[in-house]
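A.B. asks: Sharing a structure here in structure tokens format.
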Amino acid sequence: MMEWPDRMGKKAESARGDKGATSPVDTVGVGEAAKSSVVIAPRGNNINSPSQKKETAKRPARKKAAEPVARNVAWMKRQGWRPFDFQYEIWDAMARGESGLLHATTGAGKTYAVWLGALAAYAPTASLASTASTASTAAGAASATGATAAPATKAASRTSRAAKKAPPLTVLWLTPMRALAADTAQALIRPLADLECPWTVGVRTGDTTSAVRAAQDRTLPTALVTTPESLSLLLARANARELLSHVRAVIVDEWHELLGNKRGVQTQLALARLRRWNPDLCTWGLSATLGNPRVALDVLLGESAALDIAGAPPGPGAPSGPGAAVTAARASAPVPAGAEPVAVAAPRAPPGRLVRGALPKKLIIDTVLPPDPLRFPWAGHLGMSMLPTVCAEIEASATTLVFVNTRAQAELWYQALLEARPDWAGLLALHHGSLDSQTREWVEAGLKRGQLKAVVCTSSLDLGVDFLPVERVLQIGSPKGVARLLQRAGRSGHAPGRPSRVTLVPTHSLELVEACAARAAAQAGHIESRDPPERPLDVLVQHLVTIALGGGFTADDLYAEVRCTHAYRHLFPDEWQWALDFVASGGRSLGAYPDYRRIAQDEQGVWRVPDARLARRHRMSIGTIVADATMQVRYWSGRGGGARLGTVEEGFIARLRPGDCFLFAGRLLELVRVHEMTAFVRRAQGRRAAVPRWNGGRMPLSSELADAVVEQFSLAAHGRYETPELARAEPMLALQARWSALPQPGLLLAETLHSREGWHLFLYPFGGRHVHLGVASLIAWRVARRAPATFTLAVNDYGLELLCPEQQDWPTLFEDASLGLLEEGDLLEDVLASLNAAELAQRRFREIARVSGLVFQGFPGAHKSARQLQASSSLFYQVFREYDPRNMLLTQAEREVLAQELELGRLRRVLARMRASRPQWQPLARATPLSFPLMVERLREKLSSEKLADRVARMLADLEKAADAPPKAATRRSSNARRKA
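Adding 561 to a residue's 1-based position in the sequence shown gives its number in my numbering.
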């Protein structure tokens, strides 16, 4: 939603520059915070947008707008707004029936750009007298379909009975998060009454009540806000075509959140089905903070923007146009009774339009500087030494969002803030994805009304809900990526013309460098790209059953339809045939089991689901979001369940006994009993308690941010401590330079150390923890293949450690061309052999088994436990490995391990960069500020938290004593150690 006065619109227009040019960073120190203002505009390539051309402050004269556009402009002016050029461009494109992607900063006005465009293009134009009465009809219908309409006028209320029936479902609005649906619906409803539009708006997600669903089953609203999963459920209905064939436009909100995962593939398949029924379907994606918008556009629109439909005339109200023409050859072809018309891919349509909302956005990125940063940083602590400063920052603003990177951190920071400021009770809230939906909705409502002082949250509040009262955003710890930082910064000042401000709170000294690097990367517009998945067969298998439920299909037609998506554009015929055989007969291994013969051909050759039980089971399994089994947490009322607090993973509860305490939902709770996947609890007293841990990989540092970090190290190496963050980190950086060296572009820093544990090698490729695991395993495997050796590995985002009990001549080994430690020859085989590839693939197969329907999580009230699901998927994996080794789901599991867990593409790039860099060998006398975190990471794997803390404290004391020693003595000891090495 847009909430800005007219003067701000003028200011933003006059400041627009060419190609999103950015202004230099203005860095100043204010107290303990370094502030900088960065003008950020989305970047793209090959942009079909006149708005990217340089403009003067004065808007050029426009031609007289068409009546629908003029109504849009008039309505916006009544709100105190003024349309931007990119909004005019969207309206023009939608009027022409074009599809595309709108790439604009958070809060730029994307929602009304496409919504008003859809109203102008598809809503009927009625006279003032007749359409004023439809406002109350829209209000009533919207309420019946799950949304609340804007207030209607008295005149509209008096004549509501005479209003016409609302049009059928015309616009689908897809959102990646259920939490966004209600707010989006409110935004869509807002202009309907003023524009005298008879449309209705509804919401259909997993949170929609059964009563609203029943009303929608009778009459769908004109515009439906839904999720990819709920859309797939609609496609699985026998009357799916009747329900959805009138859809004229699909808006995919927050497309960047779907682009890089299987939910995006699910969306692509659904869009292909809708385009089959309406070849002229208008599709628009909305996105922000994306590094590859042209790729995002291509994925959204697929390989063909139109399908020719043959074998049946258009249905009532079906759109006409060149894409709907029936070819003579196909029109005369016979169509089996009960089958859908045959679809033939039309010639590829012209590329869609990429529009940028290039509004300069003042972005303030500043850093809270720790009073006394450690010279030997290590990850794993929460930075609670910054708690007083964080409290002061929250106190200085009306409303603040405090972002952390994990749910466990959110629980701990919320509790710490509440203990530090008990007067904030009722003004401080907690928000993450495992809390009960009612709790999350209460927090979101409090934010919108400005009733909360601060909210500690995770990525659950990253996306487009508008919280206009939010003035500040705090990021605890590293954001791990530039796009994530910009997305979170956009939660403040969420409107054009209003500055956004994000303050980074480093939890250790190295994060001071990351904070400085993140600001520099944001200024340069170095934003991460999202890579779309290629040919995930588990999603395809699920889609086959969905379409078989939704009216049935013939194999050749659906193959052509699926090939029109970007994800399956290279789907080979043998892969298609395997997927079809797998759902029809269970493949080579499962043919004897009726539950895996999910579809069958009828007399006309149409594939359908013949078993009602299998149909119900499939509908309950639709979707690609796979989470570990969770247990509900409820208060114990003595007779049964009380209020619901949320969910925690089953594995955490399994480690507790009745009477044990844990921290959840901002409360100290005592476990009473566990019954049927529900943990009953009561409030507890005291302070010490366990904190739930939710499974999920630790986020690696992005390539863009990692490169920016190396640049900051290089500045420090040349004595340029020009930013407040680098100046505060100077003791740590200077010590690293004195004992070893600072990383620089073109150099590969390699440190060697002999300790009581053995011989250490530290390398710093700055490729992220996933890639470093692959590099470390590859080096160890290739060295041990020549001469047997035992290595212990440790990795973090900056580098890797190899520890060996025997001395290794590492410079000679790296120079040995026959060994080829960093070469790409046989890379795939060596990586799979060096890691426990079978175990990694089996773990990945668990997710694939659930998505493909091999493993069923159970009906309501009879959910299977995590142990049962794991055992089932492991059994399938072993059976396929032994009796069906060519099963393509096994191949997919291996492919996903390489692409997602090991980031094979990034691994190749890092190896190439390491080969091109000059090695800088540094023998050490003791651990350096860069190597110390790697040693702690290794110890963390074998010591309890208390023992680790004691060990780290002793190591820190020794290192700090050595660092405080006179430089000459330290240098002499270092020289002696190097001679010994």
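C-beta: ideal position from N, C-alpha, C; glycine also. On a predicted model such as this, the values are computed, not experimentally measured, just so you know.
#1: Using beta-carbon positions only, say whether Lys922 and Ser1053 come within less than 8 angstroms of one another.
#2: Flag this pair as touching only if the stretch 1365–1385 and the stretch 1090–1103 have three or more C-beta atom pairs under 8 angstroms; answer yes or no.
#3: By the 10 Å Cβ neighbour count, where 16 or more other Cβ atoms means buried, how is Lys1522 classified, buried or exposed?
#4: Below 7 angstroms CB to CB, which residues in the same chain sit around Gly1112 once its five sequence neighbours on both sides are set aside?
#5: Where do the ends of the beta strand (DSSP E) carrying Gln1483 lie?
#6: If you count every other CB in all the chains shown that lies within 10 Å of the CB of Pro932, and 16 or more means buried, which is it?
#7: Could you check whether the stretch 770–789 touches the stretch 657–667, counting it as contact only if at least three pairs of C-beta atoms, one from each stretch, sit closer than 8 angstroms?
#8: Could you work out which residue in Asp1445, Val1356, Ala1345, Ala1355 is closest to Gln1368 when comparing CA atoms only?
#9: Between Ala810 and Tyr673, how many whole angstroms is the CB-CB distance? I'm expecting something under 8 angstroms.
#10: Helix or strand or just coil, what does DSSP make of Ala1523?
#11: For Met1238, write down the residues that DSSP places opposite it in a beta bridge.
#12: If you draw a straight line from the alpha carbon of Lys1503 to that of Leu1495, how long is it in whole angstroms?
#13: Please classify Ser1061: does DSSP put it in a helix, a strand, or coil?
#14: Suppose contacts are defined by Cβ-Cβ distances below 8 angstroms. Is Phe736 in contact with Asp814 by that definition?
#15: Can you tell me the Cβ-Cβ gap for Ala1079 and Ala1278, rounded? I've got them flagged as a contact below 8 angstroms.
#16: Return the chain-ordered list of same chain residues with a C-beta closer than 7 angstroms to the C-beta of Ala990, the five sequence neighbours on each side being excluded.
#17: Of the choices Ala1140, Ala857, Glu1002, whose alpha-carbon is the least far from that of Met738?
#18: With DSSP as the reference, please indicate the residues paired to Leu962 in a beta bridge.
#19: List the DSSP bridge partners of Ser660.
#20: Beta carbon of Val786, beta carbon of Thr745: below 8 angstroms?
#21: Classify Arg1317 as helix, strand or coil using the three-state DSSP reduction.
#22: Is Leu1287 closer than 8 angstroms to Gln1273 when the C-beta atoms are compared?
#23: Who pairs with Ile1088 in a beta bridge, going by DSSP?
#24: Grab me the residues of Ser998's own chain with a C-beta within less than 7 angstroms of its C-beta, minus the 5 sequence neighbours each way, in chain order.
#25: What are the residues that DSSP puts in a beta bridge with Gly918?
#26: Quick check on the DSSP output: the alpha helix (DSSP H) that includes Tyr673 runs from which residue to which?
#27: Taking the straight line between their C-alpha atoms, what separation do you get for Leu677 and Glu1075?
#28: Please state if the CB of Val1513 and the CB of Val1497 are separated by a distance shorter than 8 angstroms.
#29: Report, in whole angstroms, the separation of the C-beta atoms of Val1242 and Val1235, which I expect to be a contact under 8 angstroms.
#30: Out of curiosity, what's the CA-to-CA distance linking Pro611 and Met945?
#31: Can you list, in chain order, the stretches of the alpha helix (DSSP H) that have 4 or more residues and sit fully within the stretch 763–808?
#32: Looking at Leu663 and Ile651, is the spacing between their C-beta atoms short of 8 angstroms?
#33: Between Ala1454 and Ala1394, what straight-line distance do the alpha-carbon atoms span, to the nearest angstrom?
#34: Give me, in chain order, the residues of the same chain whose beta-carbon lies closer than 8 angstroms to that of Leu979; leave out the 5 immediate sequence neighbours on both sides.
#35: So, Gln1418 versus Arg1407, is the Cβ gap smaller than 8 angstroms?
#36: Report the residue from Ile1186, Asp1092, Glu954 whose alpha carbon sits nearest the alpha carbon of Pro520.
C.D. replies: According to the structure shown:
#1: With respect to Ser1053, Lys922 sits apart: the two C-beta atoms are not nearer than 8 angstroms.
#2: no
#3: Label assigned to Lys1522: exposed.
#4: Ala799, Ala801, Arg802, Glu901
#5: 1479–1484
#6: exposed
#7: no
#8: Checking every option, the nearest Cα to that of Gln1368 belongs to Ala1345.
#9: Between Tyr673 and Ala810 the Cβ distance is about 15 angstroms, and since that is not below 8 angstroms, they are no contact.
#10: helix
#11: The partner list for Met1238 (beta bridge, DSSP) is empty, contrary to what the question assumes.
#12: 14 angstroms
#13: strand
#14: Sequence inspection shows Thr at residue 736; the Phe mentioned does not correspond to that position. Yes, these two residues count as a Cβ contact at 8 angstroms.
#15: With 8 angstroms as the limit, Ala1079 and Ala1278 do not qualify as a contact, their Cβ atoms being about 20 angstroms apart.
#16: Val1004, Gly1007, Leu1013, Val1016
#17: Glu1002
#18: Val1016, Val1034
#19: According to DSSP, Ser660 bridges with nothing at all.
#20: Yes, they are a contact pair.
#21: coil
#22: yes
#23: According to DSSP, which records beta bridges pairwise, Ile1088 is partnered with nothing at all.
#24: Asp768
#25: Ala665
#26: Counting along the chain, the alpha helix (DSSP H) containing Tyr673 begins and ends at 671–683.
#27: 41 angstroms
#28: yes
#29: Rounded, the Cβ-Cβ distance is 10 angstroms, inconsistent with contact.
#30: Caution applies to Pro611, whose pLDDT of 35 falls short of 50 and renders its modelled position unreliable; the value that the coordinates give is listed next. Roughly 49 angstroms separates the two Cα atoms.
#31: 771–779, 789–796, 801–805
#32: yes
#33: One C-alpha to the other measures close to 16 angstroms.
#34: Trp985, Ala986, Leu989, Gly1227
#35: no
#36: This structure does not reach residue 520, given that the chain is present from 562 up to 1542, and the question cannot be answered.
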